[in-house]
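Numbering (the working numbering), first residue to last: -12 to 267. Ideal placement from N, C-alpha and C gives every residue a C-beta, glycine not left out. It should be emphasised that the depicted structure is a prediction, and the values quoted were computed from it without experimental measurement.
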Ligand SMILES: [Zn+2]
């Protein structure tokens, strides 16, 4: 009794049955995720465009609730997911900037360019990977405990450069001299930050440009932070998740089974964050 599967090479239909359609009537409304989770799991935003994403299942035996969700691919190569990731990084930039300024630290925007003769993303990243460890070692010696959030970008003529929000207070001159002598470009700039709200805008501006490029090398982090860059606390789901694969028929079968057993079916995680929900 094999079930017909859609051919692996057929194009995904625009109106492909989503898990939301399957049990829309069973979804209790009201409880909404808050903060960063709301941003990440907002179902009203453009859905992820990656087909054949797996469905995930988790059981809460105490309340006899079963969750069926289909997480976004969260890839930079998927437009809606890239836009959401950029928004999340905006939050990280603002949050971190606020926290560091509140600690009495100074912040600067710094731009470091790759070698001026580098005209492709691949070459730019290769040069950066070689030069950055040297520059960063000098940087840490000159600014002990330095913290940063970095965004890499490719300019109009292919010139690769990296923007940093950092607690280092070194002058432009330092970046020019040390950039050039570690294999990067002589073009560099350091500008003090006055308000933390500038941080988010700065990151968004360069990330939006970076998203438009699709040929970034694999395993290249176009946005990165120092380990201790302050980040907001995120609530984790308390369940063990099972990967059901991308087959909707298998998911529908599982849903039917749980429904027959009298379980509550949830198809989103909106109900999970109960910290802001009033007791009734
Ligand atoms: Zn996606």
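Check for me: the beta strand (DSSP E) holding residue 230 runs from which residue to which?
Its beta strand (DSSP E) spans residues 229 to 232.
Could you check whether residue 236 and residue 42 sit closer than 8 Å to each other, using their CB atoms as the reference points?
Taking 8 Å as the Cβ cut-off, residue 42 and residue 236 do not qualify as a contacting pair.
Please list, in chain order, all residues of the same chain as residue 111 whose beta carbon is under 6 Å from its beta carbon, the five residues on each side excluded.
Closer than 6 Å at Cβ, skipping near neighbours: 101, 105, 147.
Please determine whether the Cβ atom of residue 37 lies at a distance below 7 Å from any heavy atom of ligand 1.
Checking the Cβ of residue 37 against ligand 1 gives yes.
Within 10 Å of its beta-carbon, does residue 98 have 16 or more other beta-carbons around it, so buried, or fewer, so exposed?
Label assigned to residue 98: buried.
Buried or exposed, going by whether 16 or more other CB atoms sit within 10 Å of the CB of residue 90?
Answer is exposed; the Cβ neighbour count stays below 16.
Do you know whose CA, among 76, 53, 34, lies nearest residue 188's CA?
Cα-wise, what sits closest to residue 188 is 76.
What span of residues does the beta strand (DSSP E) with residue 185 cover, start to end?
Careful: residue 185 lies outside any beta strand (DSSP E), inside the alpha helix (DSSP H) at 184 to 198.
Grouping DSSP H, G and I as helix and E and B as strand, with all else coil, what is residue 68?
The answer is helix: DSSP assigns residue 68 an H, G or I state.
First and last residue of the alpha helix (DSSP H) that includes residue 135?
Premise fails: residue 135 lies in the beta strand (DSSP E), 135 to 141, not in any alpha helix (DSSP H).
Applying the criterion that 16 or more other CB atoms from any shown protein chain within 10 Å of the CB defines a buried residue, is residue 269 buried or exposed?
Coverage of the chain is limited to positions -12 through 267, which leaves residue 269 absent and any answer about it impossible.
Give the secondary structure of residue 45 by DSSP, where H, G and I count as helix, E and B as strand, and everything else as coil.
Of the three classes helix, strand and coil, the one that applies to residue 45 here is strand, per DSSP.
With a CB to CB cut of under 7 Å and the five nearest residues on each side skipped, what residues in its chain are close to residue 211?
Excluding residues within five positions, the ones whose Cβ falls inside 7 Å are 137.
Have a look at residue 241 and residue 219 and give me their C-alpha separation to the nearest angstrom.
Rounded to the nearest angstrom, the two C-alpha atoms are 36 Å apart.
Under 8 Å by Cβ, that's how I've got residue 53 and residue 245 pegged, so tell me the actual separation to the nearest angstrom.
Correct: roughly 5 Å between the Cβ atoms.
Mapping the DSSP letters down to three states, classify residue 162 as helix, strand or coil.
Helix, per DSSP.
Evaluate residue 182 with the Cβ neighbour count: other Cβ atoms within 10 Å of its Cβ, from every protein chain shown; 16 or more gives buried, anything less gives exposed.
Classification of residue 182: exposed, given that the 10 Å Cβ count is below 16.
Starting from residue 108, trace the alpha helix (DSSP H) in both directions and tell me its first and last residue.
Note, residue 108: alpha helix (DSSP H), 108 to 129.
Given a cut-off of 8 Å on the beta-carbon distance, is the pair residue 173 and residue 151 in contact?
Cβ distance not < 8 Å, so residue 173 and residue 151 don't count as in contact.
Distance check for residue 243 and residue 6, CA to CA, integer angstroms please.
Low confidence applies here, because residue 6 scores a pLDDT of 40, under 50, leaving its location unreliable; read the following figure in that light. If I take the Cα positions, the gap works out to 12 Å.
Which residue or residues does DSSP assign as beta-bridge partners of residue 252?
DSSP lists 53 as partners of residue 252.
Which class does residue 180 belong to by DSSP, given the choice of helix, strand or coil?
It is coil, neither helix nor strand.
Report whether the distance from the Cβ of residue 58 to the nearest heavy atom of ligand 1 is below 7 Å.
No, Cβ of residue 58 sits at least 7 Å from all heavy atoms of ligand 1.
Is it buried or exposed for residue 55, if we count other Cβ within 10 angstroms and need 16 for buried?
Answer is buried; the Cβ neighbour count reaches 16.
Do residue 175 and residue 193 have their beta-carbon atoms positioned less than 8 Å apart in this structure?
The answer is no: Cβ separation not under 8 Å.
Confirm the yes/no value for this check: CB of residue 67, any heavy atom of ligand 2, distance under 7 Å.
Among the ligands modelled here, namely ligand 1, ligand 2 does not occur.
What do you reckon, is the C-beta of residue 62 under 7 Å from a heavy atom of ligand 1?
Within the cutoff, so yes.
Do residue 139 and residue 197 have their C-beta atoms closer together than 8 Å?
Contact flag set, yes.
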